[in-house]
Structures are given as C-alpha cells and as structure tokens.
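One rule links them: number in the working numbering = place in the sequence shown (from 1) + 34.
Even glycine gets a Cβ: it sits at the ideal position worked out from N, Cα and C.
Working notes, structure below.
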Amino acid sequence: MKDPHDDFKRRLRAEIVAAFNQRAPQTLPQEINRPRPDVSHIAHKPEYRIPDLIHTVWIGDRHSLDLSYIQIWKAANPNKTCCLWVDSGSHDCQRFHHQLANHVKTTRPCDRHDALLRLQNEAFAFIHPQMAGEKTFNALAAQFLALKGIPEQPRPVSPTPASDLQINEIASLFTGKFAALRRCYDYEVILRGNFAAASDIVRLLILYRFGGLYIDRDTLPDIDGLFTTTNAWQHLVGIPGHHAITRAKSTALLIRLRAPNEDALAQIRACLLSFPEPLREPLCQAIIADTAPVRLADIRALEPIACYRDLPVLSALSWLPETWFSNVIGCAPGAKGVSIMLRTIHKRYRFLESNNAIFTLIASHDNRHYLSRLLPWRYESLIKTGEVTLALTGPGMIVEVLLALGYQILKLSEEIPPAFLSEAMHGAYPGIAFFSHTLDTPLSARSTWMNGLCNNRESAR
Numbered sequence: 035m036k037d038p039h040d041d042f043k044r045r046l047r048a049e050i051v052a053a054f055n056q057r058a059p060q061t062l063p064q065e066i067n068r069p070r071p072d073v074s075h076i077a078h079k080p081e082y083r084i085p086d087l088i089h090t091v092w093i094g095d096r097h098s099l100d101l102s103y104i105q106i107w108k109a110a111n112p113n114k115t116c117c118l119w120v121d122s123g124s125h126d127c128q129r130f131h132h133q134l135a136n137h138v139k140t141t142r143p144c145d146r147h148d149a150l151l152r153l154q155n156e157a158f159a160f161i162h163p164q165m166a167g168e169k170t171f172n173a174l175a176a177q178f179l180a181l182k183g184i185p186e187q188p189r190p191v192s193p194t195p196a197s198d199l200q201i202n203e204i205a206s207l208f209t210g211k212f213a214a215l216r217r218c219y220d221y222e223v224i225l226r227g228n229f230a231a232a233s234d235i236v237r238l239l240i241l242y243r244f245g246g247l248y249i250d251r252d253t254l255p256d257i258d259g260l261f262t263t264t265n266a267w268q269h270l271v272g273i274p275g276h277h278a279i280t281r282a283k284s285t286a287l288l289i290r291l292r293a294p295n296e297d298a299l300a301q302i303r304a305c306l307l308s309f310p311e312p313l314r315e316p317l318c319q320a321i322i323a324d325t326a327p328v329r330l331a332d333i334r335a336l337e338p339i340a341c342y343r344d345l346p347v348l349s350a351l352s353w354l355p356e357t358w359f360s361n362v363i364g365c366a367p368g369a370k371g372v373s374i375m376l377r378t379i380h381k382r383y384r385f386l387e388s389n390n391a392i393f394t395l396i397a398s399h400d401n402r403h404y405l406s407r408l409l410p411w412r413y414e415s416l417i418k419t420g421e422v423t424l425a426l427t428g429p430g431m432i433v434e435v436l437l438a439l440g441y442q443i444l445k446l447s448e449e450i451p452p453a454f455l456s457e458a459m460h461g462a463y464p465g466i467a468f469f470s471h472t473l474d475t476p477l478s479a480r481s482t483w484m485n486g487l488c489n490n491r492e493s494a495r
C-alpha cells in the first residue's frame with residue numbers, strides 16, 4: 035500500500051539534495067554563504083493534534099519552586115489542563131547533596147572530589163536497594179547522614195503546590211517497557227545529584243504516555259507580538275533577533291504584569307549592557323512604550339498544535355536556523371520517535387555501566403567510540419559543564435535521534451550534511467518546529483543549568 039506521504043517526502047528530499055548540490059566545493063567552509071533548502075512551497079499538514087495538556091516537572095525542595103510562569107501559561111490557555119509532576123518521596127534530594135558536598139569540603143579539603151565521589155557511591159549503595167520497598171529517599175537519606183555522623187540541616191515542611199494545577203507523582207511513570215529507566219533516574223537523583231538529567235528522563239516518559247506539551251518552568255508564552263514598536267526598530271537597524279533583547283522584553287513584561295516600579299528602566303538596561311549606548315537607549319524606550327498598555331489577557335492562547343503521529347515538536351527560534359532547544363517538547367501519546375529517544379537514553383546509560391563510568395571518576399577519554407564523550411559523567415557533576423548531560427538525556431540526544439529519523443524517512447545520502455536536513459525541518463517543515471514560546475526570561479538567566487553550560491545554552495545544532 036502506497037504511503038500517502040510519499041510525494042511530500044520525495045519533494046522535501048529533492049529540495050535538500052538540490053541545495054547541497056548547488057554549493058560549490060570551494061565554498062564548503064563558508065557556511066554563511068551556502069544555498070539554503072527552500073521548502074516553503076511544499077504543503078503538507080500534519081494530521082494529529084497534540085492533547086490539551088501542559089506538563090512541567092520539579093524534582094527537589096518545593097520551597098524553591100517558582101510556578102509563576104506556568105501560571106501565565108495557564109491563564110492564557112484556560113482550555114488546557116496544567117500538570118505538575120513531582121517526586122514527593124525525594125524532595126530532600128537537593129539539600130542532601132548540598133550536605134554531602136559541604137561535609138567533604140570541611141573534612142577533606144585536599145581531596146574533596148575523590149572524597150565526594152566515594153561518599154556519593156556509599157550513599158547510593160545504602161539508599162537504592164532499600165527503595166524497592168516502602169521506604170522513601172527522604173527517610174533513607176536521613177538515615178545515611180546519621181550513619182556517617184553528618185549533621186542534618188533543619189528540614190522545612192514542603193509546601194503544597196498551587197491547587198489549580200493537577201499534581202502527579204513521577205514514580206507512577208516507571209512501569210511497563212520503560213520500568214528499567216527508574217535505575218537511570220535514581221543514578222541522577224541519588225548518585226550524581228543532576229536533577230536536570232533526571233527531569234529530562236521524566237519529561238519524555240510523560241509525553242510518551244500522555245502526550246501534550248512539556249514546558250520548562252522558566253519559559254514564557256510567546257510575547258513577541260506585543261512589541262510592535264520594538265520589532266519595527268529591530269527591523270530598521272537590522273537585528274532580526276537577539277537573546278538579550280528577548281530577555282529585556284520578558285523582563286519588562288513581567289514588571290508590567292506584577293508591579294510596575296521605578297527600577298524598571300534600570301532592570302531593562304541591565305539586560306542590554308552588551309549594546310552600545312546609541313542603540314541601548316532607543317531600544318529601552320521602545321520596550322517600555324510597548325509594555326505600557328499590556329495586560330495579562332493580551333497574551334495570546336496557543337492555537338491547536340498539529341504534529342506527526344510519531345514525531346515530536348521541538349522548540350526553536352525563527353531567527354536561529356538549524357538550532358533546536360528542548361525547553362518545550364510536544365507529541366501525541368505513544369509517539370514512536372519519543373519511544374526511540376527513551377530507548378536511546380537507556381542504551382547510553384548501559385554504555386556508562388559497561389565502561390565502569392557510573393561509580394568511577396573519568397576526567398578524560400579518547401574518541402574511539404561514538405559514545406566515549408559520555409564517559410566523564412561523574413566528572414561533569416564536579417565541574418558543572420553540562421556537556422555530557424546534553425548528549426545523554428538533553429537536547430543533543432533529542433536532535434541526534436530526530437535527524438537520524440529524518441535521514442531514514444527521507445532516504446537521504448550520508449553525504450548530505452545534517453545542517454541541510456535540520457534547516458529544512460526548522461524552517462518550513464510544519465509539525466516539527468515550535469516557535470510559540472519565549473526562551474530568554476529572567477528565570478532562565480538565573481537557571482543553574484544555563485549557568486553550568488557557561489552560556490553555551492540549552493541547545494543543539
């Protein structure tokens with residue numbers, strides 16, 4: 035039986051190949067001048083609609099949980115159910131890892147990295163086997179600290195999250211064919227203290243099971259359409275998009291919605307320090323003028339989100355071709371592409387296990403194996419770079435799987451660089467790129483994950 039999408043696939047493949055063939059060999063290094071695949075004329079509408087669910091994930095102390103941006107998503111989209119996924123049995127995990135780190139810093143300052151590695155390994159060996167029963171991480175972590183004579187910090191009562199969100203337990207996700215991912219999740223929560231990687235696993239499990247839209251809690255809805263004066267100014271001076279400008283816009287909008295104050299101009303200017311004064315001042319004034327009349331009701335609701343049956347939608351920025359983010363991911367329930375991503379994650383953790391990289395500190399590696407870059411898994415938690423996490427569970431892994439599927443579906447030659455396929459999917463390939471979000475916000479600027487990446491951003495090319 036003929037695939038009804040064959041014609042679309044054939045034409046898309048032809049455009050990508052044509053763009054590659056038009057590029058003269060002598061211009062290969064000059065990426066900026068290369069022909070771009072023009073797929074704007076290829077009409078193909080995705081046939082599935084993402085369920086009206088918005089998911090966000092929080093692992094750790096709920097006292098530090100800020101849901102204000104998710105509340106804005108909820109207010110702008112009253113037809114959608116907003117779900118907060120928590121691990122109530124592990125809300126002490128952040129405090130626990132801080133206590134371990136502080137203990138070795140005080141008692142073993144000369145070899146604190148090795149000492150912390152050993153202490154974390156002991157903690158995992160003590161806690162993980164006992165969690166198969168009814169004991170929680172919180173209770174077992176307290177027992178371990180007492181066993182080691184580590185003073186326990188006062189434990190605040192974890193508040194109940196906002197009642198207008200549907201609260202779901204992360205533990206309920208580790209069933210069926212992905213039950214084995216529980217051990218990978220526990221590696222991150224108990225052993226490495228990398229809650230970003232743990233959340234990466236959880237969000238894909240949620241999307242595979244329920245579908246909907248996963249949104250990072252530091253992401254705002256799309257607000258760019260509210261800044262008509264600023265956008266006109268950007269067009270005039272030739273700046274189609276800029277992370278600092280977007281952060282200034284989101285800062286100004288939040289000030290306007292919450293509590294306008296005399297420091298607003300200073301806060302906006304602080305976002306734009308990289309711009310010279312002649313550009314900064316008119317830009318600040320335009321942003322302030324645009325936000326003056328704005329109300330919460332002016333933020334547009336999401337339109338119905340179409341997707342392909344087995345492929346996810348992935349956040350992108352229209353002015354950054356080929357670049358993908360993972361602050362927003364969506365799909366239909368049971369999407370095979372998401373299932374492949376989960377299996378890929380499991381395979382990569384098994385690679386770490388088979389190469390003795392789970393309980394051993396590996397600071398350097400060779401490149402004899404494609405996955406050797408993952409071997410400094412424990413070392414990454416000490417130096418806080420985030421590079422391993424990107425490729426293990428984060429957007430690097432997601433984009434690798436997405437592009438591999440693209441090559442397979444379109445039957446592309448390996449001679450075609452991934453950038454050509456990525457750009458075609460990013461630009462006019464409906465049902466893949468999701469632009470209705472604001473990545474650069476005050477919360478994302480303070481994110482420990484973003485800071486750990488040293489401004490490399492949570493993105494992948």
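Item	Value
Selection from Ile279, Ser352, Phe261, Phe385 that minimises the alpha carbon distance to Ala326	Phe261
Helix, strand or coil at Arg83 according to DSSP, with G and I counted as helix	strand
Contact set for Leu409: own chain, Cβ-Cβ below 7 Å, skip 5 residues either direction	Asn389, Ala391, Ile396, His399
C-alpha gap between Leu181 and Asn172, whole angstroms	14 Å
Sequence ranges, alpha helix (DSSP H) only - wholly within the stretch 143-172, length at least 4	146-161
Strand pairing of Ile257, partner residues [DSSP]	According to DSSP, Ile257 bridges with nothing at all.
Local Cβ density within 10 Å of Leu207, reported as buried at 16 or more and exposed below that	buried
Sequence-distant residues of the same chain with beta carbon closer than 7 Å to Gln154, five excluded per side	Leu134, Leu225
Check: Asp332 C-beta below 8 Å from any heavy atom of the ligand COA	As for the ligand COA, it is missing from this structure, which has no ligand bound.
Nearest-angstrom Cα separation, counted from Thr263 out to Thr285	16 Å
Nonlocal neighbours in the same chain, by C-beta distance under 7 Å from Leu437, ignoring five residues either side	Pro452, Leu455, Ser456
Three-state secondary structure assigned by DSSP to Ile92	Note that residue 92 corresponds to Trp in the displayed sequence, not to Ile. Three-state result, Trp92: strand.
Ser360 - DSSP class collapsed to helix/strand/coil	strand
Closest Cα partner of Gly364 within the set Pro338, Ala304, Phe385, Lys381	Pro338
Pair within 9 Å by beta-carbon distance, Leu238 and Val372	yes
Helix, strand or coil at Tyr248 according to DSSP, with G and I counted as helix	strand
Straight-line gap, Ala214 to Leu118 (C-alpha atoms, nearest Å)	23 Å
Given 8 Å, three or more beta-carbon pairs between the stretch 95-110 and the stretch 330-346	yes
Distance between beta carbons of Leu306 and Leu317, contact taken as under 8 Å	6 Å
Cβ neighbours of Lys370 in the same chain (closer than 7 Å, five flanking residues each side left out)	Asp344
Delimiting residues of the beta strand (DSSP E) encompassing Ala350	347-350
Within 9 Å, strictly: CB atoms of Val347 and Ile466	yes
Helix, strand or coil at Thr472 [DSSP, three-state]	strand
Reduced DSSP secondary structure (H/G/I, E/B, other) of Val328	coil
Ile104 and Thr90 closer than 9 Å at C-beta	yes
Opposing strand residues paired with Asn202 [DSSP bridges]	Trp119
For Cys318: DSSP bridge partner residues	The partner list for Cys318 (beta bridge, DSSP) is empty, contrary to what the question assumes.
Same chain, Cβ closer than 6 Å to Leu174, neighbours up to 5 away in sequence not counted	Ile161, Gln164
Cutoff 6 Å; reference Leu426; Cβ partners in own chain excluding five residues on either side	Arg382, Leu408
Cβ-based neighbour list, Asp126, same chain, cut-off 6 Å, excluding 5 preceding and 5 following	Asn172, Ala175
Whole-number beta carbon distance between Val271 and Ile509, since they are thought to touch under 8 Å	Only positions 35 to 495 of the chain appear in this structure, which leaves residue 509 out of reach.
Counted within 10 angstroms of its Cβ, other Cβ atoms place Thr209 as buried (16 or more) or exposed	exposed
Contact check, Gly368 vs Tyr242, beta carbons under 9 Å	yes
Limits of the unbroken alpha helix (DSSP H) element including Asp220	215-220
Per DSSP, the bridge partner or partners of Ala467	Leu348
Proximity below 9 Å, CB of Asp95 to CB of Arg129	yes
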